[in-house]
Structure formats: structure tokens, C-alpha cells
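Asks: Before we start, here is the structure in question, set down as C-alpha cells.
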Amino acid sequence: MTRTTARLARLTGGLIAGAVVLTGCAGEDGSAADAGSATAQAEEFNDADIAFAQGMIPHHEGALTMAEMAVERAEDPRVRDLAERVEAGQEPEIDLMTGWLEEWGQPVEPDSMDGMDHGGMDMEMDGMDMADMPPAGADFDRMWLQSMIEHHDGAVVMAGTEIDEGQDDEAVDLARSIAETQTQEIDEMQRLLDELGG
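Counting the sequence shown from 1 gives a position; the working numbering is that position plus 6.
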């Protein structure tokens, strides 16, 4: 082997070795960056986000219970239509918030049951015992609208707290959507209630 050939061989070997080292470093740096990114993503929520999801899930479940009653009992078709929209809108939101809590490693039900006053699994909705609801007819429609307005008011307050204090972008966006949608529904229900003599 001539000296020129030997130098070329050493140079080529050095370049290959350098490339391997650089590739390894890039891989390590990439892994570190990925890990850092994953950690940052995992920490992009706070206690307000957790409380919002844990509180809004049972609150939505309470609304679904009320909506099911209206679908079955309401006399006015506009009340039934509203109840069906409540069901269609809030069921996917429950699934979404449940998924967040699972991703965050948090229980769906909080350790304290203080959140139950939001109208979750308890049949008493914002001071109204649902067992006292009329069986059907116009009286049912009026009482249901009154109760659901109060229930929606509670959701808007909860959403406002998340908007002000939450950290997770998706949770805050959902809170804004809930506040907007339910405020519109409150206005709609109040108009219906006025028309029905409530």
C-alpha cells in the first residue's frame, strides 16, 4: 500500500468514525429533547384543570339525567329538542374530560365529595329535588326549564374559573365552549319559560 493510499484509508476511516459519533450524539440529543418535550407536555396542566374536569363530569352527568327526563316527559317539542341537544353535546365532553384525567394520572372522582354540589350523581339539582318534578305536561316543562337554567348557571361559573385559572390549553378551550354554549342555552330556556308562563 502506498503512503497516499494509506493516508486516504486513514482519512476515510476517520470520517466514517466521526459520522458514527455525530450520529450517536444526534440520537442522544434527540432522545433528550424528546424526553424533555414529553415531560413538558405532561406538566402542562394544573390543579385548576384537574378540579374542572373532576367537577364538570358529574355536573354533566346530572344534566344528562335531567335531559333524559325531558325527552320522555316534556310536552313542548322545543323542550324535548333542547334536551336532546344537551345529551348530544355533553356526552362527548364527558368522554373527553375522562380521557384527560386518565392521561394526567388523576382519578375521575375527586378524593373529596365536595364537588357533588355541582349536581352530579345526586338527584337533587341545585336545590330542587328531581323526585318532586311533575310527571309530565306544561308544569313539568316549566319546572324543568327553571331547574336546568340554574344547573347551567353553575356550569358557566365552573367554566369561568377554569378560563381564569386553568393551564391546559384544551381544557381552557372546552371551558370557553361550555360557557358560550350554555349561556346561549340559558337565554333560549328563559325565552321558552317566559312563553310558557314560567
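Beta carbons: idealized from backbone N, C-alpha and C, even for Gly. In this text the structure is predicted, and so the values were computed from the model without any measurement.
Please classify Ala181 as buried or exposed, where buried requires at least 16 other C-beta atoms within 10 Å of its C-beta.
Replies: Answer is buried; the Cβ neighbour count reaches 16.
Asks: Ignoring anything shorter than 4 residues or poking outside the stretch 48 to 127, list the alpha helix (DSSP H) runs there in chain order.
Replies: For the stretch 48 to 127, whole alpha helix (DSSP H) runs of length 4 or above, ordered along the chain, are 53 to 79, 83 to 109.
Asks: From what residue to what residue does the alpha helix (DSSP H) around Leu199 run?
Replies: Per DSSP, Leu199 belongs to the alpha helix (DSSP H) from 175 to 201.
Asks: According to DSSP, is Ala161 part of a helix, a strand, or is it coil?
Replies: Reduced to three states, the DSSP call for Ala161 is helix.
Asks: Take Met62 as the anchor and find which of Glu97, Asp87, Asn52 has the nearest alpha-carbon.
Replies: Comparing Cα-Cα distances from Met62 to each of Glu97, Asp87, Asn52, the minimum goes to Glu97.
Asks: Does the stretch 173 to 193 come close enough to the stretch 98 to 108 to have 3 or more Cβ pairs within less than 8 Å?
Replies: The stretch 173 to 193, when compared against the stretch 98 to 108, does touch it at the 8 Å Cβ threshold.
Asks: Where does Asp193 land, buried or exposed, given buried means 16+ other C-beta within 10 angstroms?
Replies: Counting Cβ neighbours within 10 Å, Asp193 comes out exposed, since fewer than 16 surround it.
Asks: Is the beta carbon of Met72 sitting closer than 8 Å to the one on His158?
Replies: In this structure, His158 does not lie closer than 8 Å to Met72 by Cβ.
Asks: Quick check: the stretch 142 to 153 against the stretch 65 to 81, are at least 3 beta-carbon pairs closer than 8 Å?
Replies: A contact exists between the stretch 65 to 81 and the stretch 142 to 153.
Asks: Given that a residue counts as buried once 16 or more other Cβ atoms are within 10 Å of its Cβ, and exposed if not, what is Asp138?
Replies: Asp138 is exposed by the Cβ-count criterion.
Asks: Counting C-beta neighbours from all protein chains within 10 Å, is the total for Gly203 16 or more, i.e. buried, or is it exposed?
Replies: Exposed: under 16 other Cβ atoms inside 10 Å.
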